[in-house]
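Chemist: Have a look at this one before I ask anything.
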């Protein structure tokens, strides 16, 4: 099995900030809007170096989305920034009506997703945003796994014509993907080869899946790990190719099992190749206050949970 090395823990939101700053230098049509969370979204460098293209709208997220939609009419490529909870749930009507319905070229960039924003508590966490956004016709939904991939995704979506939801997080996590990676929207990345189970993971759970795969190998279970950074459009071909070989699948995500990656994979399997599946995700619940590690443990969002689900699903295919 190929081993992946953590080159040094970094927060994915800083990957977004670095990508946005690079875009500021490369593309004069890129503009940035923030809802009073410039530091939290790591948008400071863009603000300092391109002040004429940065718009601080204050705690007025609905207005921010409407402003961004309007800017696209003049050929601008707006990147909006706030917490995932406020980027989706608070402004869903504006996104649906002003962005998705008319296919506006707005990039909705959301930090502090899932439970790993931690001590801010349940009211600031969101575990249903992937479902909300993937149900919008024409919306591309991306959930990156580390700093390098988040930076690459930020650069890539500027060249993509259409609305995008880019989801990333607050805590420092393992940075293990290549610095010079080519980010292809809608294309899964196979990280390891395996014969006994397919582990399809997204976001912070990708590194956990790799850790689980190493431990499973020691237990005699060969796991194929696939990094799904694009929830929509989903790479059906990569998933089907893998599960036809392994015969079972575990999906892993920092999201409610209702409406997330797991349900999207289940649809693909039901339509094409019915396969035993286990879900590593939160079970129809809100989060609570605590450290990211405590919450990942409590809600079963770590390598141990993936190992447990894998052993269960492998038995189901026998």
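Residue numbers (UniProt numbering): 1 to 318.
Just so it is clear, CB atoms sit at the ideal spot from N, CA and C, and this is done for glycine as well.
As the structure is a computational prediction, the values presented were derived from the model and not from experiment.
(1) What residue range does the alpha helix (DSSP H) around residue 107 cover?
(2) For the region 182 to 189 against the region 121 to 131, do three or more pairs of beta-carbon atoms, one drawn from each stretch, fall closer than 8 Å, so that the two count as touching?
(3) Give me the Cα-Cα distance between residue 49 and residue 270, rounded to the nearest whole angstrom.
(4) Kindly list the residues whose CB is nearer than 6 Å to the CB of residue 211, restricted to its own chain and excluding five residues on each side of it in sequence; keep chain order.
(5) Out of 35, 85, 301, 285, state which residue places its alpha-carbon closest to the alpha-carbon of residue 292.
(6) Between which residues of its own chain and residue 45 is the CB-CB distance below 7 Å, once the five residues before and five after are set aside?
(7) Hey, does residue 269 have any beta-carbon neighbour from chain B nearer than 8 Å?
(8) Could you check if residue 214 belongs to the surroundings of the ligand COA, using beta carbon to heavy atom distance under 7 Å?
(9) Between residue 150 and residue 19, which are expected to be in contact by the criterion C-beta below 8 Å, what is the C-beta distance as a whole number of angstroms?
(10) Whole angstroms are fine: how far does the CA of residue 307 sit from the CA of residue 218?
(11) Considering only C-alpha positions, which residue in the set 191, 54, 168, 222 is nearest to residue 255?
(12) Measuring CA to CA, which of 15, 222, 318 is closest to residue 166?
(13) Can you tell me which of 207, 99, 137 puts its alpha carbon nearest to the alpha carbon of residue 174?
(14) Might you give, ordered along the chain, the residues of its own chain that have their beta carbon closer than 8 Å to the beta carbon of residue 192, omitting 5 neighbours on each side?
(15) Run through DSSP, which three-state label would residue 60 get?
(16) Can you round the beta-carbon distance between residue 83 and residue 37 to whole angstroms, since I take them to be within the 8 Å contact cut?
(17) Identify the continuous alpha helix (DSSP H) that holds residue 280 and give its terminal residues.
(18) Just to confirm, are residue 197 and residue 221 a CB contact at a threshold of 8 Å?
(19) So, helix, strand or coil for residue 18, using DSSP?
Modeler: Let's see:
(1) Translated into the one-based positions of the chain shown, residue 107 becomes position 107. Where residue 107 is concerned, there is no enclosing alpha helix (DSSP H), although the beta strand (DSSP E) it sits in stretches over 107 to 111.
(2) no
(3) The residue given as residue 49 occupies position 49 in the chain shown. The residue given as residue 270 occupies position 270 in the chain shown. Cα to Cα, residue 49 sits roughly 50 Å from residue 270.
(4) Locating residue 211 in the chain shown gives position 211, where the first residue counts as 1. Answer for residue 211: 303, listed in chain order.
(5) Within the chain shown, residue 292 is the residue found at index 292, counting from 1. Checking every option, the nearest Cα to that of residue 292 belongs to 301.
(6) In the chain shown, the residue the question calls residue 45 occupies position 45. Only 17, 21 meet the Cβ criterion.
(7) This model lacks chain B altogether; it includes just one protein chain.
(8) Of the ligands one can find in the structure shown there are none, so the ligand COA has no counterpart to examine.
(9) As a working mapping, residue 150 is identified with position 150 in the chain shown. As a working mapping, residue 19 is identified with position 19 in the chain shown. Contact holds; Cβ gap of about 7 Å.
(10) Counting from one through the chain shown, the residue named residue 218 turns up at place 218. Counting from one through the chain shown, the residue named residue 307 turns up at place 307. Taking the straight line joining both Cα atoms gives about 12 Å.
(11) Locating residue 255 in the chain shown gives position 255, counting from the first residue. Residue 168 is the option with its Cα nearest to residue 255.
(12) If you number the chain shown from 1, residue 166 lands on position 166. Per the C-alpha coordinates, the member of 15, 222, 318 positioned closest to residue 166 is 15.
(13) Position 174 of the chain shown, counting from 1, holds the residue named residue 174. Looking at the Cα atoms, 207 is the closest of the given residues.
(14) By one-based count along the chain shown, residue 192 stands at place 192. Around residue 192: 1, 2, 210, 213, 223, 224, 225.
(15) In the chain shown, the residue the question calls residue 60 occupies position 60. Reduced to three states, the DSSP call for residue 60 is coil.
(16) Here residue 83 is taken as the residue at index 83 of the chain shown, counted from 1. Here residue 37 is taken as the residue at index 37 of the chain shown, counted from 1. Correct: roughly 7 Å between the Cβ atoms.
(17) Counting from 1 along the chain shown, the entry for residue 280 is found at position 280. Where residue 280 is concerned, there is no enclosing alpha helix (DSSP H), although the beta strand (DSSP E) it sits in stretches over 277 to 282.
(18) Reading the chain shown from its first residue, position 197 is the one you call residue 197. Reading the chain shown from its first residue, position 221 is the one you call residue 221. Yes, these two residues count as a Cβ contact at 8 Å.
(19) Position 18 of the chain shown holds residue 18. Residue state, collapsed to three classes: helix.
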